[in-house]
Structure formats: C-alpha cells, structure tokens
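K.L.:
Questions regarding the structure given below will be posed in turn.
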Amino acid sequence: MKITPKDQIKPKGLKGISDQQLEYHFETHYKGYVNKINEIWDKQQTTDRSKANQNFSDFRELKVEESFNWMGAVLHELYFENIKDGQGTQRGTKLNQMIEESFGSFEKWKEDFKACGVALRGWAILVYDLSSNRLMNNGLDAHNSYGFLNAIPLLVLDVYEHAYYTDYGPKRASYIDAFFENINWNVVNGRLVTTLKSASP
Ligand SMILES: [Fe+2]
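First residue of the sequence shown? That's 637 in the numbering used here, and the numbers climb one at a time after it.
Listed below in structure tokens is the structure:
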C-alpha cells in the first residue's frame, strides 16, 4: 500500500493562522508522515514475521511506528480539511442537537474542547462514539496515545507546537481561539451525516 499527499486540502488565507505557519506545517510535518508511512509499509513487505518479539524485533518496531505515522498522516488530513475554506459556514441542526445532548450546550462543549487542547500534548478531537451514540471530546498526547477506539473523528485540532509557534510562540490558547474562527462546519456536518448513515442499523 502507498499513499500520496492530499495537496488539495492545503489551507490558506485563514484568520489568525498565517500562510507561512500553514506552509511549514503542511509541507514539512504532514508530508513527513506520508513519506514515513510509505517507507514503513514498504519494509513490512519483507520483514521476517517468524522473528516477531514483544521485547524487541523489527516487526514490533514497524507496527509501533506504523500506528504513529499512519495516525499522523490521517489526523493531519482531517485537521487541514476541517479548517480549509471554513469562514462563514454554520453548524447544522443535527450537529447542534447532538452537541447539546452530549455536552449541555455549545459553549460547554467549546470550553471542554479548548481545555482538551490546552491539557493534552498533541490533539483535541470531537468524536462520535459508536458504543454510546453520543459525542465526546478525546484528547491525545500523540497520534497513537489515548485515542478512543470505536469512535469517529468529526473535528480535529492539532495542538503540537509546530502547529502554532510561528504565529503565537508559547500562546497555545490564542491559537486555539483562532482555530475556532476557521472551522469549516460544512465538513464537520458532512462527517456527522456520513457517520450516522453508517452507524444506523
Ligand atoms: Fe501537526
């Protein structure tokens, strides 16, 4: 298997997040994950499975780094897609309803989501949880640390330093405020619709 970078989802002209910041993030970090996952999948073709070992083995190392780099590529794609061309978009009725049912109100969801972005080291993600059929905020320290399983990402926020230091230095909360200004709610609405279709019996 091999993937290619999705250049069509590269954002520009955002409010409060500069094109230079996005250029570094997209071209260096996101494409770095794409290159590495392709390298890992290539090496997995010929790795000796008979030597698999939980203490140390080539196969174990490739599986561990596969989870880091594949999720690195996927989460960056979801993130860039949900901030591209978002200005002026609105939350749909169903999304609003589910946010209110799951969190009490939009403001309570937003407060909790922002706190996830401040408290965790890598990501804040609004997910649709397929086990409880409600929305949850999932915080990750790394692409492959603490992610909820059986849950579908609807909105992804990257809070690694590389996502905001060019513009904000250590002021992560200010970057998160800018993120909220750029959310493409049409993308989030669409992800929810697709999820609900696939989740219904
Ligand atoms: Fe990133």
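C-beta atoms are modelled at their ideal positions from N, C-alpha and C, and glycine is treated no differently. Values in this document were obtained by computation on a predicted structure and should not be read as measured data.
(1) If contact is defined by three or more beta carbon pairs under 8 Å, each pair taking one atom from either stretch, is the region 699 to 716 in contact with the region 660 to 668?
(2) Looking only at its own chain, which residues have a Cβ that is under 8 Å from the Cβ of Asp721, when we skip the five neighbours before and after it?
(3) State yes or no: is the C-beta of Ala814 within less than 8 Å of the C-beta of Gly649?
(4) Let me check you understand the geometry: is the CB of Tyr796 closer than 7 Å to at least one non-hydrogen atom of ligand 1?
(5) Would you mind sorting Arg685 into buried or exposed? The rule is 16 or more other CB atoms within 10 Å of its CB.
(6) Is the region 672 to 683 close to the region 824 to 832, with three or more CB pairs under 8 Å?
(7) Please tell me whether, using a cut-off of 7 Å, the distance from the CB of Ala799 to the nearest non-hydrogen atom of ligand 1 is below it.
(8) When you measure from the CB of His779 to every non-hydrogen atom of ligand 1, does any distance come out below 7 Å?
(9) Please identify the residue among Gln726, Leu785, Trp759 whose C-alpha is closest to the C-alpha of Phe716.
(10) So, are the CB atoms of Val763 and Ile735 less than 8 Å apart?
(11) Per DSSP, what are the beta-bridge partners of Asp765 in this structure?
(12) Which class does Leu756 belong to by DSSP, given the choice of helix, strand or coil?
P.N.:
The relevant details are as follows:
(1) yes
(2) Pro647, Asn820
(3) no
(4) yes
(5) exposed
(6) no
(7) yes
(8) no
(9) Trp759
(10) no
(11) Arg770, Ala787
(12) coil
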